[in-house]
Structure formats: C-alpha cells, structure tokens
Amino acid sequence: MSELKRSDVGAATVQLWQEGGTGAFLRELIDDASLFPPAMLPMADAVAQHMEHRRGQYSWALGRFVCPASRLGELLSTMPRGGPPWRLSVILDLSARGPWTASLAEAMAGVLRFRETGRGVIESLEARLPAGVGAGEFARALVESGGEVAPGAHPFVEVPFAEGWESNIPRALEEIAGLGGAVAGAKVRCGGSRPQDFPSVEQLARFIACCARLGVPFKATAGLHHPLPHSDPALDIRQHGFLNVIGGGLLAASGRVDESELLALLDDDAPDSFHLGRDGFSWRGHRLTPEEIERGRRLVTCFGSCSFLEPMEGLAALLGAS
Numbered sequence: 001m002s003e004l005k006r007s008d009v010g011a012a013t014v015q016l017w018q019e020g021g022t023g024a025f026l027r028e029l030i031d032d033a034s035l036f037p038p039a040m041l042p043m044a045d046a047v048a049q050h051m052e053h054r055r056g057q058y059s060w061a062l063g064r065f066v067c068p069a070s071r072l073g074e075l076l077s078t079m080p081r082g083g084p085p086w087r088l089s090v091i092l093d094l095s096a097r098g099p100w101t102a103s104l105a106e107a108m109a110g111v112l113r114f115r116e117t118g119r120g121v122i123e124s125l126e127a128r129l130p131a132g133v134g135a136g137e138f139a140r141a142l143v144e145s146g147g148e149v150a151p152g153a154h155p156f157v158e159v160p161f162a163e164g165w166e167s168n169i170p171r172a173l174e175e176i177a178g179l180g181g182a183v184a185g186a187k188v189r190c191g192g193s194r195p196q197d198f199p200s201v202e203q204l205a206r207f208i209a210c211c212a213r214l215g216v217p218f219k220a221t222a223g224l225h226h227p228l229p230h231s232d233p234a235l236d237i238r239q240h241g242f243l244n245v246i247g248g249g250l251l252a253a254s255g256r257v258d259e260s261e262l263l264a265l266l267d268d269d270a271p272d273s274f275h276l277g278r279d280g281f282s283w284r285g286h287r288l289t290p291e292e293i294e295r296g297r298r299l300v301t302c303f304g305s306c307s308f309l310e311p312m313e314g315l316a317a318l319l320g321a322s
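Numbering-wise (my numbering), the sequence shown opens with residue 1 and increments by one.
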C-alpha cells in the first residue's frame with residue numbers, strides 16, 4: 001500500500017473515512033492517555049494537546065480523556081472553562097496499602113467531587129483487579145459504587161495475565177459476565193515500558209475469544225501505536241497492531257473467527273491481508289459489513305493510547321490515498 005504523509009491527508013479523504021465501514025471502525029476508537037507512559041505529559045500539556053485533538057481533522061476518532069482519580073483535582077484546575085463538558089475515562093488508581101474497599105471508596109469520592117462540578121462527563125471507570133480478589137466481587141463493587149457516584153459510567157476491570165492465565169482469564173471473564181446484561185467490561189493491557197508488559201498472541205487470543213463467547217465488552221490499552229505488529233528494537237519485542245486487536249475482536253464478536261484463527265490474525269503483519277473501507281472490514285476473506293462493525297463495537301469498545309495522532313497517521317500511511 002502506498003505511503004501517505006500527514007500533510008497529504010486532505011479534507012475529502014478524511015470525510016470519506018467517517019463514512020461506512022471505516023467510520024464505524026474508527027469512530028471514538030482512541031482514548032487519549034497522554035498522561036501515561038511513555039508520553040507522561042504534564043497535565044497542562046496534556047490538556048492543551050487534547051483541546052487540539054478535539055478541534056483537529058481526526059476529532060471524530062477521538063474518545064475519552066483518560067485521567068487517574070488521584071489527579072482529577074489537578075485536571076479541574078487546568079481545564080479551560082466554557083465549551084462542552086469533557087468526556088472522561090477515570091482510572092481508579094487504588095492503593096496497595098490497606099483494604100482495597102477503603103481505597104475504592106476514596107477514589108470514588110474524588111470522582112463524585114469532580115462530577116458535581118458539571119465540567120466533565122465520566123463515561124467509564126477503569127481499575128486493575130487487586131491481587132487475591134475475585135473478578136466478580138470486584139466488578140460488582142465497581143458497578144454498585146460507580147452507579148452511585150457516576151451514573152451511566154461503564155466499569156472496566158483490568159485482568160492481568162498472571163501465572164495460570166490459561167484458566168484464570170476465562171474464569172475471571174465468566175465471573176464478570178455473571179453479573180448479567182454486560183454491565184461491566186474487561187480491560188486488556190497490550191504493552192508497556194518493559195518487555196514483560198506485552199502479552200503473547202496466545203494470551204490476547206484467549207482473552208478476545210472469551211470476551212466474544214461470553215459477551216463481555218472490552219477495551220485495550222498501551223502498546224497499540226501501530227496498525228500492524230511492529231518490531232521494537234529498544235525493548236527487543238514485537239508490538240501488537242491495533243488493526244489486529246480491534247479487527248480480531250470484531251470478527252470474533254460476529255462469530256467469523258475462532259481462537260485458533262485469532263492467533264493467526266493477531267500475528268499477521270501483511271498489509272494485503274487486511275481491508276478497511278467504506279464497504280467494511282476484512283481479514284483473509286473474513287468480512288464484516290458496516291452494520292456488523294457497528295454492532296461489534298458494542299463489545300470492542302476502544303483502546304487507550306498515549307499518542308492519539310501516531311495510530312491515526314500510521315493507519316493513513318497503511319490505507320494510502322483514495
């Protein structure tokens with residue numbers, strides 16, 4: 001596929017991307033996690049950059065601004081006044097000291113204080129599963145406390161790939177699904193600052209396949225800076241591609257691929273294996289219509305990235321001018 005520089009992306013091309021299958025795939029797909037590694041922007045810089053993204057040509061692909069609960073006060077003092085409320089995803093950064101229930105209550109109190117200002121709409125709440133706590137118990141606590149302080153916010157439980165993940169991941173997702181009605185979702189970490197932060201394709205395939213089978217909505221975070229798998233010589237690892245993770249999730253949600261096929265899809269770095277256009281998305285002949293993508297996005301919700309433009313510009317280069 002032809003290379004496409006950012007300056008070559010014209011208004012007509014961007015308008016086309018908002019239609020049909022491309023629009024359904026990309027709309028509100030990328031949460032702005034610029035406060036987090038490796039970017040780790042200061043709050044003032046992150047806020048200013050997010051404002052630029054909201055005004056930019058890719059604003060329709062922008063999701064929520066991701067902020068730790070412990071920094072909501074700092075965000076409040078930095079946000080510009082006026083304009084529509086910000087859409088937020090709040091990370092409940094629980095302390096490892098003391099009972100997790102007390103730490104959760106403290107984080108939720110901060111969420112409530114922020115929400116009462118009316119300057120932001122909290123659309124999701126994210127928290128890592130504490131060690132030794134059942135996923136169902138923790139998800140239920142997020143649903144109940146979140147419903148009180150941030151009505152309408154969707155909770156996501158990050159389930160780590162610990163020892164025994166082959167059985168622990170399905171068990172945790174079954175517990176989350178047991179709450180019924182897709183009231184809680186799961187979060188998968190796809191990378192980080194260390195090689196061990198990157199899950200294998202086997203781990204990702206198991207997670208995605210289980211979410212699809214159980215109807216558990218999921219979001220991804222970290223490491224998805226490129227559309228397709230990409231070698232990182234600094235960490236000596238292979239980064240996952242967001243086209244693979246999101247596209248694989250959509251195909252699994254529609255029943256087009258099983259776990260064994262997900263393994264091949266997640267590992268595929270050949271541009272010609274993939275198609276994304278107004279007519280839909282496909283991988284090696286497994287096709288989704290725009291309407292099927294729309295339905296699948298209820299399950300495959302979004303991914304967080306410390307850079308918003310890098311994934312979009314990478315996809316522009318992959319798709320080429322049309």
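Virtual Cβ for every residue (Gly too), placed ideally from N, Cα, C.
Residues bridged to residue i (per DSSP)
i	result
residue 239	230
residue 208	Paired residues: none, contrary to the question.
Span of the beta strand (DSSP E) around residue i
i	result
residue 220	218-221
residue 156	154-158
residue 88	86-91
residue 66	62-68
residue 124	120-128
Three-way DSSP call (helix, strand, coil) for residue i in this model
i	result
residue 182	coil
residue 4	Caution is warranted here: a pLDDT of 32 is assigned to residue 4, below 50, making its placement in the model unreliable, and the coordinate value is therefore given only provisionally. Of the three classes helix, strand and coil, the one that applies to residue 4 here is coil, per DSSP.
residue 188	strand
residue 321	Unreliable placement is indicated for residue 321, whose pLDDT of 39 sits below 50; the coordinate value is still reported in the next sentence. Coil, per DSSP.
residue 215	coil
Residue range of the unbroken alpha helix (DSSP H) whose run includes residue i
i	result
residue 77	72-78
residue 197	Counting along the chain, residue 197 falls outside any alpha helix (DSSP H), and DSSP gives it neither H nor E.
residue 145	135-149
residue 166	165-177
residue 53	43-55
residue 101	100-115
residue 26	20-26
Residue i at chain D interface by Cβ criterion, 7 Å
i	result
residue 23	Among the chains of the structure shown, chain D does not appear; only one protein chain is present.
Give the list of continuous beta strand (DSSP E) stretches no shorter than 3 residues that lie fully inside the region 247-315. Segments of the beta strand (DSSP E) lying fully in the region 247-315: 274-277, 280-283, 286-288 and 300-305.
With three or more C-beta pairs closer than 8 Å as the rule, is the region 211-220 touching the region 177-195? Counting Cβ pairs under 8 Å, three or more are found: they touch.
Taking contact to mean 3 or more Cβ pairs, one atom from each stretch, closer than 8 Å, check whether the region 251-264 and the region 65-77 are in contact. With the cut-off at 8 Å, the region 251-264 and the region 65-77 do not touch.
Measuring CB atoms only, is the region 186-200 touching the region 216-236, in the sense that at least three cross pairs come out at less than 8 Å? Judged by Cβ distances under 8 Å, the region 186-200 makes contact with the region 216-236, as three or more pairs qualify.
Any chance the region 307-319 sits against the region 45-62, with 3 or more Cβ pairs inside 8 Å? With a cut-off of 8 Å, the region 45-62 and the region 307-319 count as touching, because enough Cβ pairs lie within range.
Flag this pair as touching only if the region 132-150 and the region 169-180 have three or more C-beta atom pairs under 8 Å; answer yes or no. Yes, since at least three Cβ pairs between the region 132-150 and the region 169-180 fall closer than 8 Å, the two stretches touch.
Taking 8 Å as the cut-off, does the region 278-290 touch the region 12-31 (at least 3 CB pairs, one atom from each stretch)? Taking one beta carbon from each stretch, the region 12-31 and the region 278-290 have 3 or more pairs nearer than 8 Å; the two touch.
Check whether the region 246-255 and the region 159-168 are in contact - that is, three or more C-beta pairs closer than 8 Å. Short answer: they don't touch.
Under 8 Å, with one C-beta from each stretch per pair, do the region 41-53 and the region 312-321 reach the 3-pair mark? Contact between the region 41-53 and the region 312-321 is absent, because fewer than three Cβ pairs lie under 8 Å.
Can we say the region 143-158 touches the region 261-276, given the rule of at least three CB pairs closer than 8 Å? In short, these stretches do not touch, since the Cβ pair count stays below three.
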